[in-house]
Each structure stands twice: as C-alpha cells, then as structure tokens.
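First the structure, in the form of structure tokens, and then the observations on it.
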Amino acid sequence: MLRSNRELWWAFLVGLLITGLYGGVYFVTREVPAAGELFGHALGIFGFVLMLMTEILYSLRKRTRSASWGRMSSWLQFHIFTGLVGPYMVLLHTSWKFNGLAGVTTLFTIVIVVSGFIGRYIFTRIPRTLDGLEIEGTLSESALRQARQLMALWHTIHIPIGMVLFVSAFVHMGGALYYATLLK
Ligand code: HEM
Ligand code: HEM
Numbered sequence: 097m098l099r100s101n102r103e104l105w106w107a108f109l110v111g112l113l114i115t116g117l118y119g120g121v122y123f124v125t126r127e128v129p130a131a132g133e134l135f136g137h138a139l140g141i142f143g144f145v146l147m148l149m150t151e152i153l154y155s156l157r158k159r160t161r162s163a164s165w166g167r168m169s170s171w172l173q174f175h176i177f178t179g180l181v182g183p184y185m186v187l188l189h190t191s192w193k194f195n196g197l198a199g200v201t202t203l204f205t206i207v208i209v210v211s212g213f214i215g216r217y218i219f220t221r222i223p224r225t226l227d228g229l230e231i232e233g234t235l236s237e238s239a240l241r242q243a244r245q246l247m248a249l250w251h252t253i254h255i256p257i258g259m260v261l262f263v264s265a266f267v268h269m270g271g272a273l274y275y276a277t278l279l280k
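FYI, the numbering for the sequence shown is 97 to 280, going by the numbering used here.
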C-alpha cells in the first residue's frame, strides 16, 4: 500500500541535489551542459540506467510472488523514486534541445511520468494489504470495481508507452554514439 508520499519527497530532495550540481556546472563553465560532453552525457547515461531499473525491477518482483526480497509496496515506492529521478536527469541531459528522434524520446519520457502519476492515483483507490496485494472480497462495491477496471485499462496504455520509449531511446543512443561520439 502506498500510505505515504515518502518516495515523492525523496525524489524531490534528490532532484534538488541534482539541480544544485547542474547549477554548479553551469556557474563554473558559463554554458548549458551539452548532451554529448562529460557532465551532460553522464546525466543521460545514469538517468537512463535508472529508467531501465524502473522498467524492469518492479515487474520482476511482481511476477515472482514466492520471492521474499522486500515488500511489493517498497518496490513500487522504489519504482516511483527511480521513475522520477531518472527522467529528470535525462531531461537535464537534453541541453534543452529537442530535435528529431531524441526529442520524440523525451516526449515519451514525459508522457510515461505523467501517466505514472495517474496510475499512482488509481492504485491508491484499490484496497490492499500492507504488502501491496489487492484485498479480494470487496468486488461488490461498484466504486472499487471501477477502480480495478480503470487500473487494468491504465496498464494497457502505460506498458506499451514504456516499450515504445525504450525502443526509441536505444535507437537514439545508437545514433548519438555513432554520429556524435565515434565520428568526432
Ligand atoms: C531516455 C533517455 C534519453 C533521452 C530522452 C535523450 C534525449 C536527448 C536529447 C533531446 C538530445 C538533444 C538532441 C538535440 O541536439 O536536439 C540528446 C543528445 C544526446 N544524447 Fe541523449 N537521451 C537519452 C539517453 C541517452 C543515453 C543513454 C546516451 C548515451 C549512451 C545519450 C547520448 C546522447 C548524445 C551523445 C547526445 C549529443 C548528440 C549531439 O551532440 O548531436 N542519450 N539526447
Ligand atoms: C521511466 C519512467 C517509468 C517507467 C518506464 C515505468 C514503467 C512501468 C511499467 C512497465 C509498469 C508495469 C508493471 C507491471 O505491472 O509489471 C509500471 C507500473 C506502475 N507504475 Fe510506472 N513507470 C515509470 C514511472 C512511474 C512514475 C513516475 C510513477 C508514479 C508517479 C509510476 C507509477 C506506477 C504505478 C502506480 C504502477 C502500477 C503498479 C501495479 O499495478 O502493480 N511509474 N510502470
């Protein structure tokens, strides 16, 4: 169950720290960190790794129900934390230019984060155990039934967006590494 907003606060705090670092680099170099240079590139790579973790880890834990490694609710909190910090780092990586496929990938990234917030809201409407598993037996109540249907519908939209996002991100990385890094 997501009983607190702890993961949102942590993401906010870490976001502030990263903003401070970004501001520091800007202050020293007097330039917006370029996407293909050390700092901007590192932001893209670390941010993307966090996004990959967001995509994979929670689903893995969710599908291994026999697993005892951590509550599902904690994994979802971690999912949300990395799902916010990763995209934020990637946003700073863009150097505020959004041309071509890289721009489209950024758009998908923003869409999945917004969609995540909607999912989080619906998720909290469904009664769950402390571990995050749905509590059966309340299906007769129509508002709760509706929330479950909405959650199922949300999954059918959110998951494909994630897949398209990662395909376009990998193509962008291939192109960027080939044209902007190897051919330099
Ligand atoms: C979802 C993840 C990512 C998004 C949304 C993203 C987005 C972008 C955007 C918007 C730009 C600026 C394009 C422009 O100049 O108009 C860019 C540049 C660049 N990105 Fe990414 N990026 C991501 C991940 C990565 C990763 C993981 C790498 C490295 C492996 C990378 C390498 C680069 C490079 C080298 C450039 C500079 C290209 C140039 O100077 O022409 N990106 N990225
Ligand atoms: C890089 C960004 C993100 C990616 C790639 C991503 C991807 C995914 C995927 C693939 C699932 C399906 C898990 C499954 O059922 O196996 C999921 C579920 C979910 N995500 Fe995200 N997500 C991201 C960001 C976020 C954010 C920012 C939030 C909240 C603010 C969020 C909230 C949720 C919720 C509530 C679920 C449903 C959990 C469930 O039904 O068990 N996600 N996400």
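Quick reminder that beta carbons are idealized off the backbone N, C-alpha and C, glycines included.
A198: member of the alpha helix (DSSP H) spanning G196 to F219, first to last residue. Considering only S264, F213 and L188, the residue with the shortest C-alpha distance to E133 is L188. No heavy atom of ligand 1 is found nearer than 6 Å to the CB of I257. With a cut-off of 6 Å, the C-beta of P223 is classified as distant from ligand 2, since no heavy atom of the ligand falls inside that distance.
Within the DSSP bridge table, the entry for R224 names E230 as partners.
Residue nearest to I208 within the set I231, Y184 and P223 is Y184 (criterion: CA-CA distance). Here V124 has no same chain residue with a Cβ atom under 8 Å from its own Cβ, once five neighbours each way along the sequence are excluded. Per DSSP, reduced to three states, the secondary structure at S100 is coil, with no helix or strand assignment. Secondary structure at A131: coil, using DSSP grouped into helix, strand and coil. As the crow flies, the alpha-carbon of V200 is around 10 Å from that of H268.
In the displayed model, S170 falls within a helix according to three-state DSSP.
Checking the 6 Å criterion, the Cβ of I218 is out of range of every heavy atom belonging to ligand 1.
Short of 6 Å from the beta carbon of S155, and not among the five residues preceding or following it, lies no beta carbon of its own chain.
Closest option to T150, judged by alpha-carbon separation, among A239, S162 and W171: W171. When DSSP states are grouped into helix, strand and coil, T115 belongs to the helix group. A Cβ-Cβ contact shorter than 7 Å links G182 with M147.
Closest option to F213, judged by alpha-carbon separation, among V263, G179 and F194: G179. With respect to V186, G119 sits apart: the two C-beta atoms are not nearer than 7 Å.
Comparing alpha carbon positions, the residue from S238, A239 and T202 closest to V260 is T202.
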